[in-house]
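Counting from 77, one number per residue, gives the positions in the sequence shown under the numbering used here.
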Amino acid sequence: MPTPASPQRRIGVLLVNLGTPDSPQTPDVRRYLNEFLTDGRVIDMPAAVRYPLFQGLVVPLRAPKSAKIYQQLWTERGSPLLYHGLDLQKLVQEKLGKDYVVAFGMRYQNPSIEKALDELRAAAVDRIIVLPLFPQYAAASTGSVQEKVMDIVSKWWVVPSISFISTFTDDPGFIGTFVTLGKAEMAKREYDHVVFSYHGIPERHVLKGSHNNYCKLGTCCNSYNKNNRYCYRAQCYETSRQLAAGLGLAPEQYTTSFQSRLQSRLRDPWLQPYTDEVLKEMPAKGIKNVLTFSPAFVADCLETTIEVGLEFKEMFEEAGGEHWQLVPSLNSHPQWVEGVVNMIHRN
């Protein structure tokens, strides 16, 4: 008697990035900021304080200003963070083939994580691999995605096996693609210095996640080990060391710094040094030509294109600098697509 054929067992892959407004208009930006800034992992204060403060005061004031910035960022294809994510999804799907189903979602706004998970559930995948597209783990980014995914699937009657790729700080595909892009820029001209600028987080976020109180916000990040594997600061410094090695940079030839702080550093210190302060001091030290990377992001977005690429460039030139060049993000570069595929295969 012939053995009945086994049903096709496919693996679901969920790629997730942070999020973007549906349009650069103030109402859509307000909706995005409301969802983002009331996430308890992003703003870790009691909900009774967080919601009225941000929904009632911060977001209404911030939304019109942010909308003007998003209008600078928007292209004919819409938000770069969205279309680069969709391009990556398509190319990774093509590489992985029919045994995989690749979905893409945003932690905030659209396409939602819930919609992406529904696509995987409809495809009857056997298991799901979740890849938050944040190289360095932080509770406010990767942790928030993981919490959201678990909250959604906890309501399913049948829950498949789910695994998370929580960090790819030192992943060869991630590092290698940025090195390739950096070398392409370095071939065009000579640079005095390289800046690796990461998204900042409050120091308390790092300390709250410290394993056995290992973190001292100092030399403890000089090596990357089992005690600080999920320390955001340690991961950033490790990414910088790996990139510097790939680019052939000595320690004195590069700086690791942090950008995008939300609150006053006097009341609530964020990770230091701050990129905007570091760059203003460089021209007086004879550093006039700077190449900068944003290795906390894998797709160009407001924080890369506008903040690092334009605003920091203006600050640098006003301080006496001559040339400030941002290395493009990974987006859907073929080497990065291959890197994502390899991460999925290893998991």
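Where is the CB? At the ideal position from N, CA and C, for every residue including glycine. Please read these numbers as outputs of a predicted model, since none were measured by experiment.
Using a Cβ-Cβ cut-off of 6 Å (strictly less than) and excluding sequence neighbours within five positions of residue i, which residues of its own chain qualify?
i: Ser316; result: Phe272 and Thr332
i: Gly258; result: Leu323 and Val403
i: Phe373; result: Thr380 and Ser405
Taking the straight line between their C-alpha atoms, what separation do you get for residue i and residue j?
i: His399; j: Thr368; result: 11 Å
i: Asp247; j: Val235; result: 29 Å
i: Pro435; j: Pro371; result: Outside the modelled stretch of the chain, which goes from 77 to 423, sits residue 435, for which no answer is possible.
i: Pro80; j: Gln165; result: Any answer about Pro80 is weak, because its pLDDT of 43 lies below 50 and its placement is not dependable; what the coordinates show is given next. Distance between the alpha carbons of Pro80 and Gln165 is about 34 Å.
i: Cys312; j: Gln147; result: 30 Å
i: Gln169; j: Ser220; result: 25 Å
i: Cys297; j: Pro345; result: 18 Å
i: Met182; j: Tyr176; result: 20 Å
i: Asn93; j: Ala263; result: 31 Å
i: Tyr184; j: Glu111; result: 6 Å
i: Ala179; j: Arg153; result: 19 Å
i: Pro78; j: Gly88; result: Per-residue confidence for Pro78 stands at a pLDDT of 45, beneath the threshold of 50, marking its modelled position as unreliable; no derived number is given.
i: Val135; j: Glu266; result: 42 Å
i: Leu167; j: Gln411; result: 11 Å
i: Ser82; j: Leu283; result: Below a pLDDT of 50, predicted positions are generally treated as unreliable, and Ser82, at 43, falls in that range; the measurement from the model is reported next regardless. Rounded to whole angstroms, Ser82 to Leu283 spans 50 Å at the Cα level.
If I measure Cβ to Cβ from residue i and keep anything under 7 Å in the same chain, skipping five residues before and after, which residues do I get?
i: Lys389; result: Trp400
i: Gln329; result: His269 and Val270
i: Phe250; result: Pro211, Phe244 and Gly415
i: Ser142; result: Val105 and Leu109
i: Glu314; result: Thr245, Asp246 and Tyr300
Bridge partners for residue i per DSSP, in chain order?
i: Ser220; result: In the DSSP output, where bridge partners are listed per residue, Ser220 has none listed.
i: Gln335; result: His275
i: Ala179; result: Leu90
i: Ser142; result: The partner list for Ser142 (beta bridge, DSSP) is empty, contrary to what the question assumes.
i: Tyr350; result: Phe334
i: Gln401; result: Leu367
Could you pull out every residue in the same chain whose Cβ sits closer than 8 Å to the Cβ of residue i, ignoring the five residues on either side in sequence?
i: Tyr350; result: Gly276, Ser333, Phe334, Gln335, Arg337 and Arg341
i: Ile119; result: Leu113, Arg126 and Phe130
Locate the alpha helix (DSSP H) running through residue i, then write down its first and last residues.
i: Trp412; result: Pro410 to Arg422
i: Ile434; result: Nothing can be reported for residue 434: it is not among the residues displayed for the chain, which extend from 77 to 423.
i: Leu167; result: Pro156 to Leu172
i: Val105; result: Thr102 to Leu113
i: Ile382; result: Run containing Ile382: none; DSSP gives neither H nor E here.
i: Ile189; result: Ile189 to Ala198
i: Ile251; result: Pro248 to Met262
Using CA atoms only, rank isn't needed, just tell me which of the options is closest to residue i.
i: Ser242; options: Ala198, Tyr274 and Leu207; result: Leu207
i: Pro140; options: Ile251, Ser99 and Tyr159; result: Ser99
i: Phe210; options: Phe240, Cys297, Gly154 and Arg153; result: Phe240
i: Arg106; options: Lys144, Gln318 and Leu149; result: Lys144
i: Asn288; options: Glu279, Tyr306, Tyr274 and Ser299; result: Tyr306
i: Glu261; options: Ser405, Val354, Pro327 and Asp115; result: Ser405
i: Gly116; options: Asn304, Glu223, Ser188 and Met419; result: Glu223
i: Ile205; options: Arg138, Arg86 and Asn186; result: Arg86
i: Arg309; options: Trp232, Leu196, Pro187 and His281; result: His281
Can you tell me where the beta strand (DSSP E) with residue i in it begins and where it stops?
i: Ile204; result: Arg203 to Pro208
i: Ile119; result: From DSSP, Ile119 is part of no beta strand (DSSP E); its letter is neither H nor E.
Report whether the distance from the Cβ of residue i to the nearest heavy atom of the ligand ATP is below 8 Å.
i: Asn418; result: No copy of the ligand ATP appears in this structure; indeed no ligand is present at all.
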